[in-house]
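Residue numbers (the working numbering): 56 to 105.
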(Lines of atoms letter the chains of each structure in order from A; the text may use other names.)
(Lines give C-alpha, C1' and ligand atoms only; values in the text may rest on other atoms or scores of the structure.)
Protein backbone atom coordinates (compact mmCIF):
# COMPACT_ATOMS: atom_id res chain seq x y z
CA UNK A 56 0.00 0.00 0.00
CA UNK A 57 1.31 3.45 -0.90
CA UNK A 58 2.24 5.98 1.74
CA UNK A 59 -0.73 8.39 2.09
CA UNK A 60 1.71 11.31 1.87
CA UNK A 61 2.84 10.19 -1.60
CA UNK A 62 1.16 11.68 -4.63
CA UNK A 63 1.41 11.03 -8.36
CA UNK A 64 4.39 12.73 -9.94
CA UNK A 65 3.39 16.18 -11.25
CA UNK A 66 4.80 15.45 -14.72
CA UNK A 67 1.69 14.70 -16.85
CA UNK A 68 3.27 11.77 -18.74
CA UNK A 69 4.64 10.08 -15.62
CA UNK A 70 2.82 7.31 -13.76
CA UNK A 71 5.15 7.19 -10.73
CA UNK A 72 4.51 8.24 -7.15
CA UNK A 73 6.64 11.15 -5.97
CA UNK A 74 8.41 10.74 -2.63
CA UNK A 75 6.59 12.23 0.36
CA UNK A 76 6.93 16.00 0.33
CA UNK A 77 8.13 16.11 -3.28
CA UNK A 78 6.26 17.18 -6.40
CA UNK A 79 8.20 15.01 -8.88
CA UNK A 80 9.57 11.45 -8.76
CA UNK A 81 12.92 12.35 -10.30
CA UNK A 82 15.13 15.18 -11.51
CA UNK A 83 14.23 14.28 -15.10
CA UNK A 84 10.54 14.86 -14.40
CA UNK A 85 11.27 18.04 -12.47
CA UNK A 86 13.30 19.38 -15.39
CA UNK A 87 10.42 18.53 -17.77
CA UNK A 88 7.97 20.25 -15.41
CA UNK A 89 4.37 20.45 -16.56
CA UNK A 90 5.30 20.01 -20.23
CA UNK A 91 2.54 17.90 -21.78
CA UNK A 92 4.29 17.52 -25.14
CA UNK A 93 5.96 14.22 -24.18
CA UNK A 94 3.94 11.12 -25.06
CA UNK A 95 5.85 8.82 -22.70
CA UNK A 96 7.88 9.42 -19.57
CA UNK A 97 11.54 8.40 -19.61
CA UNK A 98 12.26 8.69 -15.87
CA UNK A 99 13.50 5.08 -15.76
CA UNK A 100 11.23 3.92 -12.94
CA UNK A 101 9.33 0.63 -13.25
CA UNK A 102 5.89 2.27 -13.53
CA UNK A 103 6.95 4.12 -16.68
CA UNK A 104 9.27 1.53 -18.22
CA UNK A 105 6.46 -0.45 -19.84
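Cβ atoms here follow ideal geometry from the backbone N, Cα and C, with glycine treated the same way.
Item: Counterpart residues of residue 72 in DSSP-defined beta bridges; Value: 63
Item: Local conformation of residue 89 per DSSP, three classes; Value: coil
Item: Selected residue, minimal CA-CA separation from residue 83, among 71, 75, 76; Value: 71
Item: Residue 104 - DSSP class collapsed to helix/strand/coil; Value: helix
Item: Nearest residue (CA-CA) to residue 103, options 86, 81, 77, 76; Value: 81
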